[in-house]
Structures are given as C-alpha cells and as structure tokens.
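Since the structure comes first, as structure tokens, the remarks are kept for the end.
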Amino acid sequence: MRIFSENRPDINMATGARRFRVENLPRVTPENRWRTEAMRSYAQPLLLWFTRGQGRITVAGVTHGFGPHHAVFLPADTMHGYEMSGQVFGTAVYLPTDRSLNLPEEPVHLRFRDVQQQAELSVMIENLQAELQANRPGKERAMLAHAGLLAVWLDREVEAGHRQDLHPDAARRIAAAYSAMVERDYKTGRTINYFASQLGVTPTHLTRCCKIACGRSASALLADRIHFEARRLLTETRRPVKDIAQELGFNSAAYFTRAFQKHTGETPTGFRKHG
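So this is what it looks like as structure tokens:
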C-alpha cells in the first residue's frame, strides 16, 4: 500500500522537474477499475494521449467516445473519468501549474487522422520523458521549454479545427457547469437541490441534462466523485475512517460506512485492507 502524507497525492510540491510526470496509462483490472472510471480530478494539468484501443471519456460532465490517436487535455481540477473497451494503450502527461506556459483554460479533445500530427505529439512526449529521466544541468528550464512547445502545439491544433465541441447544446452546458460545482463543493455535504438552485433549474431538469450529457443522473455523478475520493484516502493514507467521513461532508462515520458500502459493495475497512 502506498502512503502519502499530502491530501492531494497527484501534486508534488517539490521544486524543479519533479512537478512533471509522464506515465503509461494503467492496466485496468476489476480491482482497480475505479481508478480510471470513477469521477476524479488532479491539481495539475493533464494530457491524455491514447494510441491504441477505444472507450468513453467523461470530461466535465460530458461523455464522448475516444479511440486511437485521440488527445484529451484537462486543465487542473477538471472532473473526469474514462471507461475502456478492452486494453487501451497511451500516455498520461502531468504538467506543472505554471501560468507562463499558457496552457488551454478549457478542456480540449483532439482527434488526429494525419500520421505527421500523431508523430509530432508522440515525439514531444518522448522528448519530455527523456529530459525528465535524465540528470543534466538546466533540467528545469529544459522541461519548461518542452512543456511550452507542447502548449503552442495544442493551440495550433485547436485553431486548425481538430477540436471536438464538448458542449454543443444547452443540456451539456448545464452538465458542465454542474460538474464544475461538484468538483468545488463535493466535500460540503450539499445536495442536488442546492446545486440545481444555484444553476437556476429544477433537480429534475438537472438530472435530465446530466443523462443527456453522460448517461448518468446528477446524484450518480456527485456520489461517484465523493466515493472516488473516499477510496483514494482509504488506500493512500492511514487516516481514520471517521476523519475521512468528516472531510467528505458526512454527518457520522456510520452514515459514511452505509453510503460507501452501498456504492462499492464493501465497507471502508474492508476496502482499505486490499485496496
């Protein structure tokens, strides 16, 4: 079991190139499927580059299909999750939260049919990874330079029209706004009624929009985000269950245990033993 001292293991507060991370997409098993499928976010920008396989990815409450040579850029704190059909290969590139990079401020989903475009992105990621693994003078500057080139490349591809429209209608725009609110407030214990009122719609209409956008109800999205964080805290920290329950907005550890078991099929303690 990996143990982290920080509440957000996805961000490394050390200086230098350690803010960067380049990893192969995880191999999904029945036991760890929640790590990719459940709604979550990261405290730093993320680029997903899918090179083989296909599936469905939900970004900010809106679901789209993905396949080989699709790239998805996610700004920091963007709620997302993806489901794979069979084995999917690709790379996850975690970038620093550095405003000088001028990375896109909204999620971007790009599809590339041109072999040259595919090769360009693969080479940029390989160069970034090579610099990250090396121990040479000027590593920090070099990493930021590579990331800057990647940001420019993303901008050019968006301007060239390779971006898919993630919010083509009002329902998906409402689902995206709801997703952003959930990401901000999922630890507060607030209900669907609160979120709907903030958006100026009824709970029924909010759920209708979410089902159109991603095939799930508003309450299912909220529960998924809460229980991803619960499972993460159970597997990656030694914090008592009662403290996790309190952090996630539950009135008591007993209520949290019942909700967690209903969502996952296991008690928090049982999940922690083999998670």
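Under our numbering, the residue at position 76 of the sequence shown is numbered 67, and the numbers go up by one with no gaps. Using N, Cα and C, we set each Cβ at its ideal position, and we do this for glycine too.
Taking 8 Å as the cut-off, the Cβ atoms of M75 and V19 count as close.
The three-state reading of DSSP puts S76 in strand, counting E and B together. The alpha helix (DSSP H) runs of length 4 or more contained entirely in the stretch 115 to 194 are, from start to end of the chain, 130 to 150, 161 to 176, 183 to 190. The C-beta of P259 has 16 or more other C-beta atoms within 10 Å across all chains shown, which makes the residue buried. For F251, the three-state secondary structure derived from DSSP is helix. Under DSSP, I48 shares a beta bridge with H55, Y73. Between A204 and R163 the beta-carbon gap is near 5 Å, inside 8 Å, which marks them as a contact.
The C-beta distance from A142 to L119 rounds to 12 Å, too long to meet the 8 Å contact threshold.
For V63, the enclosing beta strand (DSSP E) begins and ends at 61 to 65. Annotation: the continuous beta strand (DSSP E) that includes R102 extends over 99 to 102. Out of R127, I116, R229, R104, the CA that lies nearest to the CA of G152 is found in R104. DSSP, read as helix, strand or coil, puts V106 in helix. Taking one beta carbon from each stretch, the stretch 37 to 53 and the stretch 69 to 89 have 3 or more pairs nearer than 8 Å; the two touch.
DSSP lists A62, T82 as the beta-bridge partner residues of W40. Residue A136 holds the alpha-carbon nearest to the alpha-carbon of L92 among A136, F64, V114. When beta bridges are read from the DSSP output, R12 appears opposite Y85. Here R31 is bridged, per DSSP, to H71. Note on geometry: alpha-carbon atoms of P66 and P95 lie some 7 Å from one another. For T198, the three-state secondary structure derived from DSSP is helix.
At a Cβ-Cβ threshold of 8 Å, R24 and P87 do not count as neighbours. By the C-beta criterion, the stretch 190 to 204 is judged to be in contact with the stretch 167 to 178, since at least 3 inter-stretch pairs fall below 8 Å. When C-alpha distances from A62 are compared across E111, R31, D89, R223, the shortest belongs to E111.
Boundaries of the alpha helix (DSSP H) harbouring R222: 209 to 227, taken from the DSSP string. In this structure, the CA atom of R216 is about 18 Å from the CA atom of D234.
Q189 and Y177 have their C-alpha atoms spaced approximately 14 Å apart. Less than 8 Å divides the Cβ of R102 from the Cβ of H60. Distance from the CA atom of Y33 to the CA atom of V106, rounded to whole angstroms, is 30 Å.
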